[in-house]
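Peer 1: Okay, handing you the structure first.
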Amino acid sequence: MNSFTKSIVYSGVVLAAGLVAVFAIYSNMNQKDANYSYIEPASGSQAAEAGSEAIQGFANSIQEISTDAVEGAQEMAEDVAETAENTAENAVEAIEDTAEEAAIATENTVESTEDAIENAAGNDESAADIVSETAEAAGEATESTADAVAETAEDAKEAVEGTEPASGEAILDGIYENKAE
């Protein structure tokens, strides 16, 4: 026999022995009421303990990260609520300022009308001139009130646009800030 034939025969014998071993193990595993709890892993019990410790450490880190995420989300919600409150306060102040300016403009219109009436009584001006002066004063007061309202609306719009909604990046930034502390 040459070496090629010997290697083929040797491979066949090894294959046959392997198949016999596999079938023997398989037939032993199919028995009813078999207890395999006594079989240890090939790496020993220390590896199993290390694996369970690693899993426990992973679970703890996941729990810590989720706690940090919840705290970051709560802080972001508080920041958003505070921003909304500040925006509402700014809008109320702007409305109050506009109301004050409207009252001043109305007062000026009344004074102009009173002055025009006094001038009419004291002078020989025609009624048409008095009415036109009063109309001009009322128009100016109306324009200043409209300008004040427009300015207040722009201020309120800028205050609302200046606030940013909560985003995922902001929440993550809050989480990383908490970890740094």
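Taking this note's numbering, the leading residue of the sequence shown gets 6, the next gets one more, and so forth.
In this text, a Cβ means the ideal position worked out from N, Cα and C, and glycines have one as well.
No experiment lies behind these values; they were computed from the predicted model shown.
Within this structure, are the beta carbons of Thr114 and Ala155 separated by less than 7 Å?
Peer 2: Residue numbering aside, residue 114 sits at position 109 when the sequence shown is read from its first letter. Residue numbering aside, residue 155 sits at position 150 when the sequence shown is read from its first letter. Contact: no.
Peer 1: In whole angstroms, what is the alpha-carbon distance linking Met6 and Ile13?
Peer 2: Translated into the one-based positions of the sequence shown, residue 6 becomes position 1. Translated into the one-based positions of the sequence shown, residue 13 becomes position 8. Taking the straight line joining both Cα atoms gives about 11 Å.
Peer 1: In three-state DSSP terms, what is Asn124?
Peer 2: Within the sequence shown, the letter at position 119 stands for residue 124. In this structure, Asn124 counts as helix in the three-state DSSP scheme.
Peer 1: Tell whether a beta-carbon distance below 7 Å holds between Ala151 and Thr103.
Peer 2: Counting from 1 along the sequence shown, the entry for residue 151 is found at position 146. Counting from 1 along the sequence shown, the entry for residue 103 is found at position 98. Not a contact, by the Cβ cut-off of 7 Å.
Peer 1: Could you give the residue range of the alpha helix (DSSP H) that holds Met34?
Peer 2: Taking the sequence shown and counting its residues from 1, the one referred to as residue 34 is at position 29. Segment 8 to 34, the alpha helix (DSSP H) holding Met34.
Peer 1: Rounding to the nearest angstrom, what Cα-Cα distance links Ala64 and Ala74 in this structure?
Peer 2: Locating residue 64 in the sequence shown gives position 59, counting from the first residue. Locating residue 74 in the sequence shown gives position 69, counting from the first residue. Approximately 15 Å between the Cα atoms of the pair.
Peer 1: Leaving out five residues on either side along the sequence, give the residues of the same chain with a beta carbon under 7 Å from the beta carbon of Asp134.
Peer 2: Numbered from 1 along the sequence shown, position 129 holds the residue referred to as residue 134. Closer than 7 Å at the Cβ level, and outside the excluded window around Asp134, lies no residue.
Peer 1: Hey, Thr157 and Ala99 are a contact pair by Cβ (cut 8 Å); roughly how many whole angstroms apart?
Peer 2: Here residue 157 refers to the residue found at position 152 of the sequence shown. Here residue 99 refers to the residue found at position 94 of the sequence shown. Right, the Cβ-Cβ distance comes to about 4 Å (below 8 Å), so this counts as a contact.
Peer 1: When you compare the CB positions of Ala121 and Glu138, do they come within less than 7 Å of one another, or not?
Peer 2: As a first step, residue 121 must be located in the sequence shown, where it is residue number 116. As a first step, residue 138 must be located in the sequence shown, where it is residue number 133. By the CB criterion at 7 Å, Ala121 and Glu138 fall inside the cutoff.
Peer 1: Rank Thr72, Thr147, Gln68 by C-alpha distance to the C-alpha of Ala107 and give the top, closest one.
Peer 2: Working through the sequence shown from its first residue, we reach residue 107 at position 102. When each option's Cα is compared against that of Ala107, the closest is Thr147.
Peer 1: State buried or exposed for Gly23, treating a residue as buried only when at least 16 other CB atoms are found within 10 Å of its CB.
Peer 2: Mapped onto the sequence shown, residue 23 falls at position 18. So Gly23 counts as exposed.
Peer 1: Pull up the distance between the alpha-carbon of Ala96 and that of Gln61, whole angstroms please.
Peer 2: To locate residue 96, count along the sequence shown from 1; it is residue 91. To locate residue 61, count along the sequence shown from 1; it is residue 56. Approximately 52 Å between the Cα atoms of the pair.
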